[in-house]
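**Student:** What follows is a structure written as structure tokens; I'll ask about it next.
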Amino acid sequence: MVSRVRVWLNRTYAENVFFMDQLRRNPCGRAVEIHATHGDADSPILAAADAAALEPEGLSPAAYVEYALDQCARHSIDVFVPVLHQATLVEHREEFAAVGTALLAPPAEAVHTFQDKVIAYEAVEKLGIPAPPWWRVRTAEELVTAVDALEADGHKACFKPASGAGGVGFRIITRTPFSLMHLNGFPSPYVPLDMVVEALEQADETVDWLVMPRLEQPEVSVDCLTGPDGRVRMAVGRTKNGRRRGFTLDPQWIEPSRLLAESFGLHYLTNIQFRMLGDEPVLMDVNTRPAGGLHQLSQCGINAPWAAVRLALGEEPGDVIPPFLGQDYTVVAGPRAVRPVSLPQQRAELDVAASAPESVVSTQTTQTAQVAPAPQSAQTTQAAQTSDSPLTV
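Going letter by letter, the sequence shown gives residues 1471 to 1863 in the working numbering.
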């Protein structure tokens, strides 16, 4: 009898409830026991797991490694999918192997390379893969110089943190003075240059930004599955153009993704993103983790999470080639259950409870609620936190 596979996802994105669903619906019919930990008691990740727990707050990366090793040993975890503190955890791969746990993440060198976009862009350009023009900016003077240069070449300038993922901290520079136009409708990523300069000049802390041209759609995210032997088993692109989403196997996206995965040892599940600079596709970002939208490949007949777990277990899933490309689609929100919790356990209530009389606190009752995961655009923003920053999704 084949034993069940125990998989642990630490503090990760809400959309990975679908990652968990796919593991349970694996084509091998293998029993999977999913463990999940998170810092938010209302994360749908916890409700979707077979075994769930809140993570301790305030752990340093080194202390988190000890916590993770203990979790894996106590629960006999076979495969650990790290998101929070990924860069630190992968440095201890042999220690996890010693307790019987495989890390579903690239080697430390690859993770560190793509944590910093400047290091990443310099590295990929040596392979001949085009990246957008960029400036590393830490002062107001450097910002103005970069913006002037980009605008002189006919580009609209934008900036984002040099370290990080997704859209957190992304802004587009405009010369339009601040006015009611910026306050109408939904919040906009556009920020007036003079206000950014003033904020930099008055700030007590330094910034580390990457300034570059605003890239155009389509955006293509290539999901790759690469074995520890360096061979790519899967490379499928997901396209995004406004609301419309689709799939592609076009070599202009797939070939550079394969080259990146093989050259940098991007083992297991990674996501490589491109956008357009004029008529040329350029690299935008490389995520050394499963993408939040990975489950969308199920519309192409692929169960990528299970293929990755099999690789981590030392099994060979073979080449994962879509039998067909799914039709174009869009992403909408839907309800997802959260765990029943007593109100005093919720963080907001704890602050109130600390100052409330004991008789008031003891009258709270247990409730069950449902929440809807954020739409894809919101997930992209939330997912942009660094792998060594607390995740709140």
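Beta carbons are placed, not taken as given, at the ideal position from N, Cα and C, and that holds for glycine.
None of the values given here were measured: they were computed from a predicted structure.
Tell me the DSSP bridge mates of G1570?
**Tutor:** Answer is none; G1570 lacks a bridge partner.
**Student:** Does DSSP classify I1772 as helix, strand or coil?
**Tutor:** Here I1772 carries a coil assignment [DSSP, helix/strand/coil].
**Student:** Considering just the uninterrupted stretch of the alpha helix (DSSP H) at I1515, what are its terminal residues?
**Tutor:** P1514 to A1518
**Student:** Of the residues V1553, D1548 and A1777, which one's Cα is nearest the Cα of Y1534?
**Tutor:** V1553
**Student:** Check whether the region 1485-1496 and the region 1769-1779 are in contact - that is, three or more C-beta pairs closer than 8 Å.
**Tutor:** yes
**Student:** Check whether the Cβ atoms of E1675 and R1745 lie closer than 7 Å to each other.
**Tutor:** Cβ distance not < 7 Å, so E1675 and R1745 don't count as in contact.
**Student:** Pull the bridge partners of H1505 from the DSSP assignment, please.
**Tutor:** W1478 and A1521
**Student:** Looking at F1717 and G1796, is the spacing between their C-beta atoms short of 7 Å?
**Tutor:** yes
**Student:** Can you give, in chain order, each stretch of the beta strand (DSSP E) that sits fully within the region 1531-1566 and has at least 3 residues?
**Tutor:** Considered as a whole, the region 1531-1566 harbours 1549-1551 as its complete beta strand (DSSP E) runs of no fewer than 3 residues, in chain order.
**Student:** At what residues does the beta strand (DSSP E) containing I1643 begin and finish?
**Tutor:** R1641 to T1644
**Student:** In chain order, what are the residue ranges of uninterrupted alpha helix (DSSP H) at least 4 long that sit wholly in the region 1693-1731?
**Tutor:** none
**Student:** Does the distance between the C-beta of I1515 and the nearest non-hydrogen atom of the ligand MN fall short of 6 Å?
**Tutor:** Absence of the ligand MN from the depicted structure is noted, as is the absence of any ligand whatsoever, leaving it without description.
**Student:** Where does D1618 sit, in a helix, a strand or coil, going by DSSP?
**Tutor:** helix
**Student:** Are the CB atoms of A1782 and V1549 nearer to each other than 7 Å?
**Tutor:** yes
**Student:** So, at 6 Å on beta carbons, what are the nonlocal neighbours of Q1769 in its own chain, with the 5 sequence-adjacent residues on each side left out?
**Tutor:** G1796
**Student:** For W1604, which residues in the same chain have their Cβ closer than 8 Å to its Cβ, ignoring the five residues on either side in sequence?
**Tutor:** K1587, V1588, Y1591, L1680, V1681 and M1682
**Student:** Assuming V1661 is part of the beta strand (DSSP E), what are its boundary residues?
**Tutor:** Y1660 to P1662
**Student:** Start and end of the alpha helix (DSSP H) containing D1755?
**Tutor:** From DSSP, D1755 is part of no alpha helix (DSSP H) but of the beta strand (DSSP E) over E1750 to N1757.
**Student:** Which residue marks the beginning of the beta strand (DSSP E) containing A1578, and which one marks its end?
**Tutor:** It is not in any beta strand (DSSP E) - A1578 instead sits in the alpha helix (DSSP H) that spans A1578 to Q1585.
**Student:** Determine which residues share a DSSP beta bridge with I1742 and list them.
**Tutor:** V1692 and V1756
**Student:** Measuring CB to CB, does E1536 end up less than 7 Å from D1520?
**Tutor:** no
**Student:** With DSSP as the reference, label Y1483 as helix, strand or coil.
**Tutor:** coil
**Student:** What is the DSSP secondary structure of S1733, reduced to helix, strand or coil?
**Tutor:** The three-state secondary structure of S1733, taken from DSSP, is helix.
**Student:** Do A1610 and L1663 have their C-beta atoms closer together than 7 Å?
**Tutor:** no
**Student:** Are the CB atoms of H1737 and F1488 within a distance shorter than 7 Å?
**Tutor:** no
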